[in-house]
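Peer 1: Quick note, the sequences are listed as chains A and B, same order. In terms of my numbering, the first sequence is numbered consecutively and its last residue is 379. In terms of my numbering, the second sequence is numbered consecutively and its last residue is 371. Note that beta-carbon positions come from the ideal geometry of N, C-alpha and C, so glycine has one too. This structure is a prediction, so every number in the text was calculated from the model and none was measured. One structure follows; several queries about it will come next.
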Amino acid sequence: MRRVYCDANATTPLAPEVLEAMRPYLMEEFGNASSIHLYGQQARKAVEKARETLARFFRCHEAEVVFNSGGTEGDNAAIFGLVRAGDHLITSAIEHEAVLRAAERVAKRGAQVTFVAPRADGAIDPEEIRRALRPSTRLISVMLANNETGVLQPVEEIGKIAAGAGAFFHIDAVQGAGKIEFDVDRFGCHLCSISAHKMHGPKGVGAMYVRRGTPIEPLMVGGSHERRQRAGTQNVPSIVGLGKAAELAMEKLSDGTNERVAALRNRLENGILQIEGTAVNGAGAPRVANTANIRFEQLEGEALLIALDLKGVAVSGGSACHSGSTEPSHVLMAMGLGKREARASLRFSLLRTATEEDVEQVLKVVPQAVEHLRALAPV
Amino acid sequence: MTEPTTIAVAMSGGVDSSAAAAILAHSGESVVGLTLQLWDQTRLAGRHGIPEAPRAGRCCSLDDVYDARRVAEHLGIPYYVVNQEERFERDVVRPFVDEYLAGRTPIPCSLCNNHLKFDQLLKTARSIGAARIATGHYALNEYDERRGRWILKRPTDLAKDQTYFLFGLTQEQLSRTLFPLGRMTKPEVRAVARQHGLRLAEKPDSQEICFVPGGDYKQFLTAYLEEQGEPMPETAGELAAPNGEVIGQHEGIFGFTVGQRKGLGIASPSPLYVLNIDPESRRVTVGSDAELATRTLRARRLNWISIANLSGPMRVRAKIRHRHEPAWATLEPAGEDECLATFDEPQRAVTPGQSAVFYDGDEVVGGGWIV
């Protein structure tokens, strides 16, 4: 059976170059980057080289790059590090759980939180952010690209609104990394979180841009690592891997990969739209190149997902709930879809290494599976 | 889709369904493991004394899903958790609450078997390309050529017999269901689990209703209604003797079950039992053990398995609750979708809301819900 992985927004495989870059730091170059001796110096050199790369990636100063454990930590650190009781936080209803749950926690501890709903096309209207502003607004946190629909959010406009209001602005950029060019000044953000494994780097490592002078209280305290912004022995091999992954991502953004992926995604989308009763969620808004969120009317998405997996096509639907079954997507419901429509939707997200054969295989399997399910019984 | 021979095994994370999956996987069948996620055990946490952290070893708890997943990984079979919380609440939890509020004693496991474990599981199985399902129930089913019907029979291990909860299975459902444990005893099942290297071979059996923490259904009713924003209906009323004499007051009919002795709040020289709960007048009648015995029961919403229909009187043994030893009775039709069972000997505590299941030898004739 030919297997096709269409879940790049969940995670991506390590690029071979990344593994090669990491290998010495897993074995012979094992030093602690905080140590004074030669072993430590070698490790530190590798970490700082990665920091240089990430500074180019974000277009910021090296001192503004903090390495951490990934997207969830970055999102948590931004919110817990800035929002206190009495402060006002503006975020959106379509954020990742790492932002939503953190927002709920600060709300429980005395902060005020506004969750701005998106438009029907899945994009946040910057005017809604402006309307939500209060004198006490301390932080605005909005994602760069939505993980489920791929819809790009108007971060530049929101950045300007934040600047005008004197509020801090955090971007959860996990799903934008490797898919669009970053420029934290143009974004107008103070904080920006990314994760390595969404762009062919290792899992469990990420980075956060922290604009100089942002009074963020560290989530982790202990040693004076990362300029006292993130305690804990630096994960040297993973940081090296993240650096290599960021370097490759920057190359791929200018070598035509994005256009190729977009063409494949469009072909996939148009192919699936040939099936009766299908529609693209978030179709009207600008989107990242690799993501297609498709609604299959009169169908239980969970059953289709399992059927596709047993046929070798890996996709995702909704958000995984505590047990590993799926809940209807909070993102799609915030866009105005009913529970049933949200449940009938699946996300296809292509790897940058996707091929035409992959797409053809998906277009062979999906219509058959949909037809089989619809023939059985209406939901 | 997958080969039509694929079997979907319902896996709860317990020993029985894990052993069933192991037996099928090792017999060379193409097997897919499915767990139905039915109830969020943390949902009512913290309300009305329900513990904040759910207890271990409960259906749909994270631990059980974890165990089921580990078994599937160990057996090398694909495994999925399917979310059926909405349907479970609609078809099992809500009727459970409503039955208690109406003064009856519901039996959610049978409802769950009818609506979720078989109906929904079969639908899900077929949608992923499996024509048959298997469960870890202790029961037997086989096709009888002569009668042209699928027959449900008591299992080899009579102490574990679960046919009482399976009387609602349709012919279609029976034809698509495998019970791999039907000819095994519990110790044999544990041995099979050990033999296949399943770490949960010694896991204790679950006993209580899966969504009622600690088995305190009154606490559950209160917490659930509070969560739903519904007031607890006012059902306080009188406690009366069989002759109508009022001997006390009670705080709500949902607190009683026919046959109940404890918690009546009345001092009496001889033990008193709940004889009858009348939801209209909210009167709860209590009396002696002897008065608890009845000779007849009516059942409705019937399902017949070994017969196509009940057309005249039939000798059966009737089982009126899970731990009841089936008793000889004569069954006869009694109007639209109802039947009347007359016992040879009076039976204790015939309880509205429970099911009555009728047996002919080892075969399940059918059953219905006690009125």
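Whole angstroms is fine: what's the gap from A134(A)'s alpha carbon to G166(A)'s?
Peer 2: It is Arg, not Ala, that sits at residue 134(A) in the sequence shown. Their backbone Cα atoms lie some 11 angstroms apart in a straight line.
Peer 1: Contact criterion: CB-CB distance below 8 angstroms. Does A107(A) meet it with respect to chain B?
Peer 2: Not one chain B Cβ lies under 8 angstroms of A107(A).
Peer 1: Along chain A, which residues have their Cβ under 8 angstroms away from the Cβ of I128(B)?
Peer 2: Simply A303, I306, A307, L310.
Peer 1: Kindly identify the DSSP beta-bridge partner or partners of N83(B).
Peer 2: BP columns for N83(B) point to Q37(B).
Peer 1: Who does L292(B) pair with in a DSSP beta bridge?
Peer 2: BP columns for L292(B) are empty, so no partner.
Peer 1: Please report the distance separating the alpha-carbon of G368(B) from that of G335(B).
Peer 2: Looking at the two C-alpha atoms, the distance is approximately 14 angstroms.
Peer 1: In terms of residues, what are the limits of the alpha helix (DSSP H) holding R340(A)?
Peer 2: Segment 339–343, the alpha helix (DSSP H) holding R340(A).
Peer 1: Does P242(B) get closer than 8 angstroms to chain A when you measure Cβ to Cβ?
Peer 2: Closer than 8 angstroms: no.
Peer 1: With a Cβ-Cβ cutoff of 8 angstroms, do S355(B) and S206(B) count as a contact?
Peer 2: Cβ distance not < 8 angstroms, so S355(B) and S206(B) don't count as in contact.
Peer 1: With distance defined between alpha-carbon atoms, name the residue in N309(B), R300(B), Y273(B) nearest to A293(B).
Peer 2: Looking at the Cα atoms, Y273(B) is the closest of the given residues.
Peer 1: Leaving out five residues before and five after P286(A) in sequence, what residues of the same chain have Cβ atoms less than 8 angstroms from its Cβ?
Peer 2: Excluding residues within five positions, the ones whose Cβ falls inside 8 angstroms are A123, V151, L152.
Peer 1: Mapping DSSP to helix, strand and coil, what is R132(B)?
Peer 2: R132(B) falls in the strand class under three-state DSSP.
Peer 1: Along chain B, which residues have their Cβ under 8 angstroms away from the Cβ of L376(A)?
Peer 2: K123, R126, S127, listed in chain order.
Peer 1: Taking 8 angstroms as the cut-off, decide whether the C-beta atoms of G237(B) and I247(B) are in contact.
Peer 2: No, Cβ-Cβ distance for G237(B) and I247(B) is not below 8 angstroms.
Peer 1: Tell me the DSSP secondary structure of I294(A) in three-state form.
Peer 2: It is a strand residue.
Peer 1: Given that a residue counts as buried once 16 or more other Cβ atoms are within 10 Å of its Cβ, and exposed if not, what is K339(A)?
Peer 2: It is exposed - the Cβ of K339(A) has fewer than 16 other Cβ atoms within 10 Å.
Peer 1: For L305(A) and L346(A), what's the separation of their Cα atoms in angstroms?
Peer 2: Those two C-alpha atoms are separated by around 7 angstroms.
Peer 1: Across which residues does DSSP place L191(A) in a beta bridge pair?
Peer 2: In the DSSP output, where bridge partners are listed per residue, L191(A) has H170(A), V210(A).
Peer 1: By Cβ distance below 6 angstroms, which residues in the same chain neighbour F168(A) in space, the five residues on each side in sequence not counted?
Peer 2: Result list for F168(A): L82, L139, H190, in chain order.
Peer 1: Out of L351(A), S329(A), T214(A), which one is the CA nearest neighbour of G252(A)?
Peer 2: What sits at residue 252(A) in the sequence shown is Lys, not Gly. Here the closest residue by C-alpha is L351(A).
Peer 1: Using beta-carbon positions only, say whether V9(B) and Q37(B) come within less than 8 angstroms of one another.
Peer 2: No, Cβ-Cβ distance for V9(B) and Q37(B) is not below 8 angstroms.
Peer 1: Which residue marks the beginning of the alpha helix (DSSP H) containing E338(B), and which one marks its end?
Peer 2: No alpha helix (DSSP H) contains E338(B), which is instead part of the beta strand (DSSP E) from 338–348.
Peer 1: Would a C-beta distance cut-off of 8 angstroms place S454(B) and A307(A) closer than the cut-off?
Peer 2: Nothing about residue 454(B) can be reported from this structure: the residues present for chain B run from 1 to 371 only.
Peer 1: Would you check if the distance between the CB atom of K153(B) and the CB atom of Y138(B) is smaller than 8 angstroms?
Peer 2: Their beta carbons are not under 8 angstroms apart, which means K153(B) does not touch Y138(B) by this criterion.
Peer 1: What does L373(A) reach in chain B if we use C-beta pairs closer than 7 angstroms?
Peer 2: Chain B residues near L373(A): S127.
Peer 1: Measuring alpha carbon to alpha carbon, tell me which residue in T222(B), V371(B), A240(B) is nearest S268(B).
Peer 2: Selected option, being the one with the closest Cα: A240(B).
Peer 1: When DSSP builds the beta bridges, which residues end up paired with Y359(B)?
Peer 2: DSSP output for Y359(B) lists R317(B), V364(B) as bridge partner(s).
Peer 1: Assuming G366(B) and W304(B) are in contact, meaning their beta carbons sit under 8 angstroms apart, how far apart are those beta carbons, in whole angstroms?
Peer 2: The pair is a contact, with the Cβ atoms about 4 angstroms apart (cut-off 8 angstroms).
Peer 1: By Cβ distance below 8 angstroms, which residues in the same chain neighbour Y25(A) in space, the five residues on each side in sequence not counted?
Peer 2: For Y25(A), where only same-chain residues beyond five positions count, the Cβ hits under 8 angstroms are A43, A46, V236, P237, V240.
Peer 1: Kindly indicate which residue of C339(B), D278(B), A45(B) has the alpha-carbon position closest to the one of E99(B).
Peer 2: Looking at the Cα atoms, D278(B) is the closest of the given residues.
Peer 1: Quick check: the Cα distance between A55(A) and L248(A), rounded to an integer number of angstroms?
Peer 2: Answer to the nearest angstrom: the Cα atoms are 14 angstroms apart.
Peer 1: In chain order, what are the residue ranges of uninterrupted alpha helix (DSSP H) at least 4 long that sit wholly in the region 185–224 of chain B?
Peer 2: Within the region 185–224 of chain B, the complete alpha helix (DSSP H) runs of at least 4 residues are 186–195.
Peer 1: Does P180(B) come within less than 8 angstroms of chain C when only Cβ atoms are used?
Peer 2: Looking for chain C here will not work: the only protein chains present are A and B.
Peer 1: Would P397(B) count as contacting chain A if we go by Cβ distances under 8 angstroms?
Peer 2: The structure shown does not extend to residue 397(B), since chain B spans only 1 to 371, so no value can be given for it.
Peer 1: Just to confirm my understanding: we take G110(A), look at its own chain, exclude 5 residues before and 5 after, and list those with CB closer than 7 angstroms. What are they?
Peer 2: For G110(A), where only same-chain residues beyond five positions count, the Cβ hits under 7 angstroms are A85, G86.
Peer 1: Flag this pair as yes or no: are the beta carbons of R321(B) and W328(B) separated by less than 8 angstroms?
Peer 2: Against a cut-off of 8 angstroms, the Cβ pair of W328(B) and R321(B) comes out as no contact.
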